[in-house]
Structures are given as C-alpha cells and as structure tokens.
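Scroll down for the structure; my scribbles are underneath it.
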Amino acid sequence: MDVSRGAFDRLVRGFYDAALNECGWRDVVADVETVFGAPGASIIDLDVSRAQVTGIVTHGLEPAQDDYATRMNAINPRMKRALSQLGPHVAVDYDGLPEEGIRRHEFYAWLERECGVKYFIGARMLDDGPSLSFLSVEFTAAHGPASEEEVEFFRRVVPHAANAWRLSGKLARLQADAHAAALALDSTGVATLGLNAHGLIVSANRAAEQVLLAADGLFSLDRKLYSARSAADRTLQIAIANALSCANGRSGNARRVLAIPRPSRQRDYIVEISALAGRAGRMPDDVPVIFVFIRDPDAMSVGPGKLQDIYGLTRREAEIAVALQQGAALPQTARVLGIAHNTARAHLASIFKKTGCASRAELVALIARAGF
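Quick note, the sequence shown lines up with residues 76 to 447 if you use my numbering.
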C-alpha cells in the first residue's frame, strides 16, 4: 500500500475533481483501489427508509456490479441494518461479524466467488436523512482483514471523500434546478439573457437567441449586449452598469424597464433588467448575476387559436375576443365578421361565462396576461 503524502494528495485532489465533474467518480474509486493495492473499491448509496441500495459506483467489482444491489436488497437485510447503524467512523468486517459469521455468510461467499474479494474496510460518508453513503475498499482472502496502517490512512481520506460526495450531490441538484429553470424560461416564450459579473452574456434561451440573431434593435458583440441606436444604447449600458453595481453589493437599481426601438419600425422591445442583489462576489464567471428579459409586443399578441385552447372558446367567440382586445367596438366587430349585433352580444356573454370575466376591461386584461 502507498501511504505517501503524494498518494494522499492525489486521492484528495481526485475526490474534489469528481465533485466538480472534472473526472468521473469511477476513476476516483479506481485510484483508491490502486493506492490501497486492493482488487476493488466502491461507493454505495443506501436508502434506510426503504432498506434499499439505490446506487453503486465501483471499480474492480465489475463481475458483480449489476447483481450487487439486487443481492444486498434481496438476501442481506442483516448487513443493511448493520450499515445503517454504523457510525461516522471507519469500520472493518469484524465490527459487524466475527470470522465464523463471515465464513458462513451467503453474501460474503457470493462476493468472493464472483470477484475474488472477502474482507473490507469502509466508512459512512454521508448521512442525509434516510439516505446513507459509504466508501469501501475490498481485499482478497489472501490479504486478510485491513491492517492498522490501512485503517489509519483510510481514516484520513474519508472526510475529504465525504465532503466531495456531498458537494457533488449539491451541484447535481443545482444543475437539475438550472436545467428545469431553463426549460421553464423556454416555455414562457420570453427572451431571457443571463449576464455574469462582468456584464458578459453567459446564457440565452431559444427566444433570446432568435432576438440576437435578428439584430433588430438588440445585438451581441464580444458577448456583450448592445442596442442598435446610440441613444438607446447609452440608456441600456447605464441600466446594465447600475444592475452590476447592485449585484456587486453597491448602490444601484436592481430592476429597470426600458423601451428599445427597432430599425424595422416594429413596436419597441420591452426590456427588463433585474440583478441578483449582492450575489456577484459569490458567483463563478459562468453564472448569471443579471437577467435581461426581452418582450416583443407583437409576438405577445394572442391569436384566436390560443384563446380556443386556453378557455374553450368557439372560433367565432375567439375572433370577437381578439377584436375587443385590439380596441374594436362590439358593433364594429359584428359588421366585420358579418353577423348581427345581437348575435355578437350572445357570443360575448358566452365569452364572459367561459373566461370568468364580468366586463370588457377585465377580458382585455385577461387576454393581455395570456399574451405575456
């Protein structure tokens, strides 16, 4: 076994590299195996509430990996109970079973038959409610139980492995949350940009990519956001600078709403800039501290088909609702659609009933919100 300072540093560095997704956990487990001169090592996740092994990362135990959790779940309730009661300290086989018990135990017999290992040294790395995680190194029968030197070295390694495993789980949850947030932003249809502490664009949903690609009033250059017109750009840059100041914990407006003109003469973009106040100093360069929401008033308008889908309106009712939202009077709408005024009034009554509105003003506001 290599108990040198270099081996210890290599293992610790590997744990944190795996936590940050710079290498795989299986690679780190393989390095643990190598340092201990053992034929196998593993990380096991156990759900105590269900008495189930929920995950395993292993190296050197590949012949049994697919069957490992199944066998523990099916034939080994005593070992699972022992693991669940194991304190946050290093343990070896004899802490749970005497040699005679090991020799007669079906799980040990299966593991030795499949992978050629018999003894182990392990420790609980994580105790998160019903979820427990363990790191273990497996040895052959010829090696025998772990030596005092191996136990001591393992004891020094485990706290770093535990911290890295916990960090890995937190980062995985953050990444899942970020992915869910990105999907949510895409589903809203609102163009959304994320800017880091230096004002550089580090994220953009599909709608934002389309806005920048069109370059109709807003564009990016060297990962920075600009307006096509100089006066509007000065206002935009001041708003971004103020938001960055707020994000860095200094004075500034955390939120600003601007109208950005478009060379195409379509209606101005409505641009909202919001800062995560006081958070910039804690964020890496690839994490947004400012969000820019870009709304296109023309794109936000609601067509008849959408109102039919949302509120169950008929085609004619949806056409009347859209016309009213656009400012037309009911008699005018009836003439355009070629229907009697009384028929239009009957349709309007049905619209109110289906949407829960009591007035035209309430209906217009409801449709406007649906457009956003």
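Think of the CB as a built atom: it goes at the ideal place given N, C-alpha and C, for glycine as much as any other residue.
Contact check, residue i vs residue j under 8 angstroms by CB: the rounded distance?
i, j, result
"isoleucine 348", "alanine 318", "5 angstroms"
"alanine 396", "leucine 438", "7 angstroms"
"aspartate 102", "leucine 86", "Rounded, the Cβ-Cβ distance is 11 angstroms, inconsistent with contact."
"arginine 206", "aspartate 291", "First, the amino acid is wrong: residue 206 is serine here, not arginine. That pair is no contact at about 51 angstroms."
What is the DSSP secondary structure of residue i, reduced to helix, strand or coil?
i, result
"valine 78", "coil"
"histidine 134", "strand"
"isoleucine 65", "Summary: the structure shown does not reach residue 65, with the chain confined to residues 76 through 447, and so no result is reported for it."
"phenylalanine 447", "Any reading at phenylalanine 447 must be qualified, since the residue scores a pLDDT of 45, below 50, and its modelled position is unreliable; the value itself is stated next. Here phenylalanine 447 sits in coil by DSSP."
"serine 434", "coil"
"valine 110", "helix"
"aspartate 252", "helix"
"glutamate 347", "strand"
"threonine 310", "helix"
"glutamate 97", "coil"
"arginine 337", "coil"
Measure from the alpha carbon of residue i to the alpha carbon of each residue in the options, then state which is nearest.
i, options, result
"alanine 113", "Asp84, Asp360, Leu288, Gly219", "Gly219"
"valine 226", "Leu382, Glu175, Ala184, Phe111", "Phe111"
"arginine 281", "Gly292, Leu275, Thr267, Arg330", "Thr267"
"alanine 350", "Gly244, Ala329, Cys98", "Ala329"
"serine 339", "Ser206, Asp373, Arg444, Leu95", "Asp373"
"alanine 217", "Ser206, Glu223, Tyr194, Phe229", "Tyr194"
"arginine 331", "Gln383, Leu311, Ser434, Asn323", "Leu311"
"phenylalanine 90", "Ser222, Gly244, His180", "Gly244"
"arginine 230", "Ala255, Thr215, Arg410, Gly197", "Gly197"
"threonine 430", "Tyr386, Arg325, Ser117, Ala443", "Tyr386"
"glutamine 127", "Thr133, Ile119, His134", "Ile119"
With a threshold of 16 other CB atoms inside 10 Å of the CB of residue i, please say whether the residue is buried or exposed.
i, result
"glutamate 213", "buried"
"isoleucine 313", "exposed"
"proline 359", "exposed"
"leucine 246", "exposed"
"leucine 296", "exposed"
"asparagine 417", "exposed"
"arginine 188", "exposed"
"leucine 136", "buried"
"arginine 444", "exposed"
For a test of your reading of the model: does the CB of residue i fall under 6 angstroms from any non-hydrogen atom of the ligand PLP? Yes or no.
i, result
"tyrosine 183", "Here there are no bound small molecules, and the ligand PLP is not part of this structure."
Notebook entry, point to check: Quick check: the region 397-408 against the region 417-424, are there 3 or more CB pairs under 8 angstroms?
Noted result: yes
Notebook entry, point to check: Is the region 395-402 close to the region 360-367, with three or more CB pairs under 8 angstroms?
Noted result: no
Checklist line | contact_flag[the region 193-201, the region 229-238] where n(CB pairs < 8 angstroms) is 3 or more | finding: yes
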